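Numbered by the working numbering, the letters in the sequence shown go through residues 4 to 512 in order.
C-beta: ideal position from N, C-alpha, C; glycine also.
Since the model is a prediction, treat every value here as computed from it, not as a measurement.
This report concerns only the one structure given below.
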Amino acid sequence: MLNLKEAIDPRTETINQDILDQWPEPQPLSAKIESVPYPIDALPGTIRDAVKEVAGFVKAPLPLVASSALAALSLACQAHIDVKRADKLHGPTGLFLLTIADSGERKSTCDGFFSSTIRQYQEEQAEAMKPAIKEYQAAISAWEAERDGLLSAIKDAGKKGKPANKLRNDLVELEHDKPEPSRVPRLLLGDETPENLAWSLAKQWPSAGVLSSEAGIVFGSHGMGKDSIMRNLALLNVLWDGGTHSIGRRTSESFTVRGARLTVALQVQESTLREFFTRSGALARGTGFLARFLVAWPESTQGYRNFTEAPENWPHLSAFHRRIDAILNQPAPIDEDGALTPVMLSLTPEAKAAWVEYHDAIENELASGGELYNVRDVASKSADNAARLAALFQMFESDDGAIGLAAFGSASKIAAWHLHESRRFFGELALPSELADAARLDSWLIDHCQRERTHIVGKNHVRQHGPLRDGVRLDAAIRELADLDRLRLEKDGKRLTILLNPKLIWVKF
Numbered sequence: 004m005l006n007l008k009e010a011i012d013p014r015t016e017t018i019n020q021d022i023l024d025q026w027p028e029p030q031p032l033s034a035k036i037e038s039v040p041y042p043i044d045a046l047p048g049t050i051r052d053a054v055k056e057v058a059g060f061v062k063a064p065l066p067l068v069a070s071s072a073l074a075a076l077s078l079a080c081q082a083h084i085d086v087k088r089a090d091k092l093h094g095p096t097g098l099f100l101l102t103i104a105d106s107g108e109r110k111s112t113c114d115g116f117f118s119s120t121i122r123q124y125q126e127e128q129a130e131a132m133k134p135a136i137k138e139y140q141a142a143i144s145a146w147e148a149e150r151d152g153l154l155s156a157i158k159d160a161g162k163k164g165k166p167a168n169k170l171r172n173d174l175v176e177l178e179h180d181k182p183e184p185s186r187v188p189r190l191l192l193g194d195e196t197p198e199n200l201a202w203s204l205a206k207q208w209p210s211a212g213v214l215s216s217e218a219g220i221v222f223g224s225h226g227m228g229k230d231s232i233m234r235n236l237a238l239l240n241v242l243w244d245g246g247t248h249s250i251g252r253r254t255s256e257s258f259t260v261r262g263a264r265l266t267v268a269l270q271v272q273e274s275t276l277r278e279f280f281t282r283s284g285a286l287a288r289g290t291g292f293l294a295r296f297l298v299a300w301p302e303s304t305q306g307y308r309n310f311t312e313a314p315e316n317w318p319h320l321s322a323f324h325r326r327i328d329a330i331l332n333q334p335a336p337i338d339e340d341g342a343l344t345p346v347m348l349s350l351t352p353e354a355k356a357a358w359v360e361y362h363d364a365i366e367n368e369l370a371s372g373g374e375l376y377n378v379r380d381v382a383s384k385s386a387d388n389a390a391r392l393a394a395l396f397q398m399f400e401s402d403d404g405a406i407g408l409a410a411f412g413s414a415s416k417i418a419a420w421h422l423h424e425s426r427r428f429f430g431e432l433a434l435p436s437e438l439a440d441a442a443r444l445d446s447w448l449i450d451h452c453q454r455e456r457t458h459i460v461g462k463n464h465v466r467q468h469g470p471l472r473d474g475v476r477l478d479a480a481i482r483e484l485a486d487l488d489r490l491r492l493e494k495d496g497k498r499l500t501i502l503l504n505p506k507l508i509w510v511k512f
């Protein structure tokens with residue numbers, strides 16, 4: 004059997020017809036949606052160059068690296084700007100990003116590269132606020148002592164049958180004068196519980212980002228019931244929308260989250276996400292929660308990340324950090340109640356026309372039989388996400404002014420790519436598990452063979468580096484693809500080898 008490297012004449016790059024004649028035409032893999040390359044060149048120049056620089060060293064999947072950059076951008080800008088899409092259509096600019104990938108894809112490393120300036124800013128602010136925190140601690144101690152004294156005096160008056168009206172009035176006035184703690188920016192949050200997240204936004208700082216490779220805040224524990232899932236999703240939906248959310252407590256102070264902004268950037272394993280759908284039923288899709296996310300489902304780079312020395316300088320990442328730092332050091336517009344009052348950015352007439360065109364093109368595909376019918380929940384939010392991205396790009400590049408056509412053009416390409424990824428993932432999620440596994444294996448084999456210029460892969464290599472590590476599932480997927488003439492499994496002694504139909508490498512179905 005000829006290897007693909009032998010099948011291509013190096014002088015002419017033509018395909019040796021002999022090897023192709025040995026294979027039948029591969030049958031289509033039903034309902035499969037092909038991945039498309041991440042539109043890296045659509046990102047604004049400074050962001051694009053920083054993403055390429057980090058990806059060149061970390062060697063994580065490019066969409067994962069880009070999502071880390073967008074998360075840092077969103078977190079830095081969301082306190083300062085909202086976006087107006089049209090009359091009575093306006094909202095926050097915070098992004099929800101979801102990368103579907105196995106552990107070990109280096110998301111935390113990528114987040115660290117892009118959010119380091121935010122972490123440094125947070126630490127500097129905490130240090131600068133230490134005197135104010137000490138003043139508050141002294142003031143609240145004095146206030147509590149005065150309150151205890153009034154309560155004790157009221158109690159004594161009651162015992163002695165004396166009037167306590169003045170004491171009660173004094174207590175009411177004292178309650179109005181209770182010292183408020185100084186607000187210290189706490190921007191980067193880990194895998195917080197939803198209630199802790201809400202408390203932090205309401206009482207500590209009204210802008211935050213949850214950057215996590217665990218995703219427990221959303222997908223919870225194995226024992227999480229539907230009621231808990233519903234409460235979590237409701238909170239996160241409200242925060243994405245920029246709405247108000249009240250949390251009642253039986254044993255401690257109830258509170259309300261108002262005027263807060265949130266960025267979420269999560270990584271979740273496909274198996275965890277499938278299990279979440281099983282546990283939550285239709286809640287995640289029915290509530291519109293996952294529709295709010297910019298989804299990425301990249302191919303793994305594990306097994307291809309040869310060691311590279313860290314560069315001595317990071318000129319492009321440094322430029323990204325300087326701009327993020329400048330944005331962070333602008334005073335956050337917080338009112339006396341602790342709520343954010345961001346500036347509203349509008350679209351220029353040209354950008355507005357492009358946004359309407361993007362919106363309507365999607366809307367036309369939502370009807371039954373349309374290309375986006377099966378992901379109409381996600382598609383209905385895509386124009387909103389495109390506007391958010393455009394506002395973020397505008398602020399990063401120009402600081403102020405209306406959102407121009409260039410910013411929206413870049414944003415629409417990024418939003419459209421994420422919409423395609425949602426179609427790809429949810430399309431396979433709806434398939435029986437055997438077909439979904441076959442589709443994933445098929446994509447991985449095609450990508451691997453094109454990269455390595457071969458159509459022969461050892462089965463053990465596929466099991467170690469491919470998308471299906473479970474032997475039973477891998478065997479079932481191989482049988483499915485063999486039945487469709489997309490591969491063959493051959494045995495040479497004890498060695499099992501997968502031969503991909505070479506016609507797939509040149510003509511994808």
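Alpha carbon to alpha carbon, how far is Ala263 from Gln453? Give it in angstroms, no decimals.
It is roughly 47 Å from the alpha-carbon of Gln453 to the alpha-carbon of Ala263.
Cβ pair count under 8 Å reaching 3, the stretch 106-123 against the stretch 60-77:
In short, these stretches touch, since the Cβ pair count reaches three.
Taking Cβ to Cβ, would you say Ala393 is nearer than 8 Å to Tyr361?
Cβ atoms of Ala393 and Tyr361: not closer than 8 Å.
With a cut-off of 8 Å on the beta carbons, I'd call His319 and Ala53 a contact; round off their distance for me.
The Cβ separation is near 5 Å, so the contact holds.
Leu502 versus Arg427 - alpha carbon distance:
Taking the Cα positions, Leu502 is about 25 Å away from Arg427.
Considering Ser464, what are the terminal residues of the alpha helix (DSSP H) in which it resides?
In the sequence under discussion, the amino acid at residue 464 is His, which differs from the Ser named in the question. Where His464 is concerned, the enclosing alpha helix (DSSP H) stretches over Lys462 to His468.
First and last residue of the uninterrupted beta strand (DSSP E) at Gln270
Its beta strand (DSSP E) spans residues Arg264 to Val271.
Arg326 versus Thr102 - alpha carbon distance:
Between Arg326 and Thr102, the C-alpha separation is close to 25 Å.
Return the bridge partner residues of Val213 from the DSSP annotation.
Looking at the DSSP output, Val213 shares a beta bridge with Leu192 and Val267.
Pro64 to Asn309, Cα distance in whole Å?
Going by the C-alpha atoms only, they are around 14 Å apart.
In terms of residues, what are the limits of the alpha helix (DSSP H) holding Ser185?
Careful: Ser185 lies outside any alpha helix (DSSP H) and carries neither H nor E.
Three CB pairs or more closer than 8 Å across the stretch 128-137 and the stretch 86-104
The stretch 128-137 makes no contact with the stretch 86-104, as fewer than three CB pairs between them are under 8 Å.
I'd like to know whether the C-beta atoms of Ile365 and Leu375 end up nearer to each other than 8 Å.
Pairing Ile365 with Leu375 gives a Cβ-Cβ distance under 8 Å.
Just grab the DSSP bridge partners of Arg277 for me.
Under DSSP, Arg277 takes part in no beta bridge, so it has no partner.
With distances taken from CA atoms, which of Ala237, Ser257 and Ile232 is nearest Thr281?
Taking the Cα of Thr281 as reference, the smallest distance to any Cα among Ala237, Ser257 and Ile232 is reached at Ile232.
Spell out a yes or no on whether the stretch 327-343 and the stretch 133-141 are touching, meaning 3 or more CB-CB pairs, one atom from each, closer than 8 Å.
With a cut-off of 8 Å, the stretch 133-141 and the stretch 327-343 do not count as touching, because too few Cβ pairs lie within range.
With 16 other CB atoms within 10 Å as the buried threshold, where does Thr311 fall?
Burial is judged here by how many other beta carbons sit within 10 angstroms of a residue's own beta carbon; Thr311 has fewer than 16 and is exposed.
Determine the direct distance from the alpha carbon of Ala145 to that of Lys162, and round the result to whole angstroms.
One alpha carbon belongs to Lys162, the other to Ala145, and they sit about 26 Å apart.
Comparing C-alpha positions only, which one of Phe411, Pro314, Glu339 and Ile50 sits nearest to Ala357?
Nearest C-alpha to Ala357 among Phe411, Pro314, Glu339 and Ile50: Phe411.
Please state whether the Cβ-Cβ distance between Leu236 and Thr290 is less than 8 Å.
When the beta-carbon positions are compared, Leu236 and Thr290 come within less than 8 Å of each other.
Could you check whether the stretch 205-213 touches the stretch 163-172, counting it as contact only if at least three pairs of C-beta atoms, one from each stretch, sit closer than 8 Å?
Short answer: they don't touch.
For Val241, name the three-state secondary structure that DSSP assigns.
Helix, per DSSP.
Return the chain-ordered list of same chain residues with a C-beta closer than 7 Å to the C-beta of Arg379, the five sequence neighbours on each side being excluded.
The residues are Leu369.
For Glu353, three-class secondary structure by DSSP:
Note: Glu353 maps to helix in three-state DSSP.
Could you check which residue in Leu492, Pro470, Arg234 and Leu269 has the C-alpha nearest to that of Ala3?
There is no way to answer for residue 3, as the model of the chain reaches only from 4 to 512.
Burial state of Thr196, where buried means 16 or more other Cβ atoms lie within 10 Å:
Counting Cβ neighbours within 10 Å, Thr196 comes out exposed, since fewer than 16 surround it.
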